[in-house]
Amino acid sequence: METVHRNIILDLLPSYIGGEASAETRALVEAHAQHDPEIARIIRAGAPDITGSSSATQPPDALERKTILRLRRSIRRKMAYVAIATVSILMIPLVAMQFTGEVNWSPADFIVMGMLLIGTGLAYVLISQVSDSRTYHAAVGVAVVTGLLLIWINLAVGIIGSEDNPANALYIGVILIGLVGVGIARLRPRGMARTLFAMAVFQLLVPVIAMIIWRPSLADPPGIAGVFMLNALFAALFAVAGLLFRHSAGDSRD
Amino acid sequence: MTDFQQLYSRYADDIYRFALYLCGDAADAEDITAETFVRVLTGKTPLISATIKGYLLTIARNLYLESLRRSKRRTDFPPELVDTAALPEQVAGDRAELDALRSHLQRFPEDDRTALLLRSEGLSYEEIADALDISLASAKVKVHRLRLKLAEWRARRERTQI
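Chains A and B, in that order, are what the protein sequence lines are. All residue numbers for the first sequence refer to my numbering, where the first residue is 1 and numbers rise by one. All residue numbers for the second sequence refer to my numbering, where the first residue is 1001 and numbers rise by one.
Here you go:
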C-alpha cells in the first residue's frame, strides 16, 4: 500500500474525529495510526463531547421562571410605550383646541379616542407576541389599524350618512366577526387569515344590506358610490391583512 | 404561555449548553439563554436561519457578542470553583473535565468556537457559514481546525494524567 504523507492524515483527522469521514478515509487514517502513536493517541482521545448531557451543562430549574419574568417585563415595557403613544396622539387635538375653534373635542371624545388607541396598541402588542414573523406583525398592524379607522370614522362622522344613521350599526358586525374569528383561530395565522377574509366579505355586504333596509339614507353624503368605495377600501385593507396572515403561515417554523 | 413552554422545553438545554461553552460562565449563559427566548417571543430579531434551532443559537451568539461589546472584556474565565470533593467520584470527574474544556475553549477565537459549537449542535456547514457570514470553506476550516486542536489537547491531558 502506498504511504500517505502524515500531513494529509492530519488534514483528514478532523473529519475522522467528527464522524464525518467516508469509509475510505476512515480506513486510510486507521491504517496510518497503526504505525503513528501520536495520531493513534489523538484518535483514541477523540474530540470532546460538547453535546453530551450532564447536570453541569443543563440550565438550572429556576431559569424558566426567570425567562418568564423577563418576558413579562418586556411586554409591560411595550404597554408603557402604547400608553405614551396614546397620550402623545391625544395631545394633538388638545393643543389644537387652544388655538382654533375648528377642533372642539368633548371630554367624552378624548376618553373614547383614548380607549380606542390603547385598545389598538395593546391588541397589536399582545397578538404580535404570538409569532416572530415580520409578515405576521405586519398583518396584525394592518388589521388593527383598519379596525381602529373603521370604528373611529363611524363614531366621528359615520360611513353611511351621518354618525347617527342606524345603518352604521352594521359595522359592529364586522368587528364582531373579527373578535369571534380571533377567538376561534386562537391567533394561528391560517385561522387569522380566514377571519380577515370573512371581515372583508362582510364589509362589502354592509352597503348591500343597508341598501335593502335603509335605501333612502344612502343618498346622504358621501352618496351610494362613495359608500361603496369606502367599504371597498376597508374590505381591501382587511383582505391585505388576511393575505399577510396567510403568507406568514408559510413562514412559521414550528 | 403555551408556545413559550413548548419552545423552552424543547430548546433550553441546547441554548444553555451552547452559551455556556461559548462564554464559559454559568451566570452569563443563564442570561443569554433567558434573553434569547425573550428576543424570539417578542419578535425583536429578524429571521436569520432556516431552522428554529439555528435561529435560536444565532440569537444566543449575537447576545454574547453584544455582552462582550458592552462589558469590553475578553473571555478568559477561570473554571467555576466547584467543591468536587462533595460530589460522587464519577460526577466530580465529569464536572472537572467539563470545567477544563470550558476554560480551554476560551483560548480560541470566538468565531472558531462558535463554528465548532454550532456544528456540535447539529447545524450544517451551510447554516454555520450563514450564521457567521463566512464562506462554506471557511466554516469547514474553522470547525476542523478547532476539532483537531481539542483532540490534541485531550490526548495531551490523557497522557499527563497517566
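From the three backbone atoms N, C-alpha and C, an ideal C-beta is built for every residue, glycine too. No experiment lies behind these values; they were computed from the predicted model shown.
Check distances from the C-beta atoms of the stretch 47 to 81 of chain A to those of chain B and list, in chain order, the residues that come in under 8 angstroms.
Residues of the stretch 47 to 81 of chain A with a Cβ closer than 8 angstroms to any Cβ of chain B, in chain order: 47, 48, 50, 51, 53, 54, 55, 56, 57, 58, 59, 60, 63, 64, 66, 67, 68, 70, 71, 74, 75 and 78.
Does the count of Cβ pairs from the stretch 148 to 156 of chain A and the stretch 177 to 191 of chain A closer than 8 angstroms reach three?
no
Only counting the same chain, and skipping five residues up and downstream in sequence, which positions put a Cβ closer than 7 angstroms to that of residue 200(A)?
These residues qualify, in order along the chain: 235, 238, 239 and 242.
Report yes or no: do the stretch 93 to 112 of chain A and the stretch 1051 to 1062 of chain B share at least 3 C-beta pairs separated by less than 8 angstroms?
no
Can you tell me whether residue 101(A) is buried or exposed, with buried defined as 16 or more other CB within 10 angstroms of its CB?
exposed
Please check the pair residue 42(A) and residue 12(A), which I expect to be a contact at CB under 8 angstroms, by giving their CB distance rounded to whole angstroms.
The beta-carbon separation of residue 42(A) and residue 12(A), rounded to 12 angstroms, does not stay under the 8 angstroms limit for a contact.
Using 8 angstroms as the limit for Cβ to Cβ distance, is residue 240(A) near chain B?
no
Within the 8 angstroms Cβ cut-off, does residue 244(A) reach chain B?
Not closer than 8 angstroms to any Cβ of chain B, the Cβ of residue 244(A) fails to qualify, so no.
Which runs of the alpha helix (DSSP H) at least 4 residues long sit entirely within the stretch 80 to 149 of chain A? Give them in chain order.
107 to 128
Start and end of the alpha helix (DSSP H) containing residue 1107(B)?
From DSSP, residue 1107(B) is part of no alpha helix (DSSP H); its letter is neither H nor E.
How big is the Cα-Cα spacing for residue 253(A) and residue 1051(B)?
Annotation note: pLDDT 44 at residue 253(A) (below 50); position unreliable, coordinate value reported separately. Whole-angstrom Cα-Cα distance: 7 angstroms.
Run through DSSP, which three-state label would residue 1079(B) get?
The predicted model places residue 1079(B) with a pLDDT of 44, which falls under 50 and marks its position as unreliable, so this point remains unresolved.
Could you check what DSSP says for residue 1144(B) in three-state terms: helix, strand or coil?
helix
With a 10 Å radius around its C-beta and 16 neighbouring C-beta atoms as the bar for buried, classify residue 203(A) as buried or exposed.
buried
Less than 8 angstroms between the beta carbons of residue 1041(B) and residue 1004(B), yes or no?
yes
Looking at residue 1132(B): is its Cβ nearer than 8 angstroms to the Cβ of residue 1108(B)?
Not in contact: residue 1132(B) and residue 1108(B) (Cβ atoms no closer than 8 angstroms).
Going by beta carbon distance, what residues of the same chain come within less than 8 angstroms of residue 158(A), once the five residues before and after it are set aside?
164, 165 and 168
Say whether chain B places a C-beta atom closer than 8 angstroms to the C-beta of residue 250(A).
no
Can you find the residues in the same chain that come closer than 7 angstroms, C-beta to C-beta, to residue 85(A), ignoring five residues on each side of it along the sequence?
121
Where residue 1105(B) and residue 64(A) are concerned, what is the direct C-alpha to C-alpha distance, given to the nearest angstrom?
27 angstroms
Whole angstroms are fine: how far does the CA of residue 1039(B) sit from the CA of residue 75(A)?
11 angstroms
In three-state terms, what does DSSP make of residue 1002(B)?
The predicted position of residue 1002(B) is uncertain, since its pLDDT is 46 and thus under 50; a value taken from the coordinates is nonetheless stated next. In the structure shown, residue 1002(B) sits in a helix (DSSP, three-state: H, G or I).
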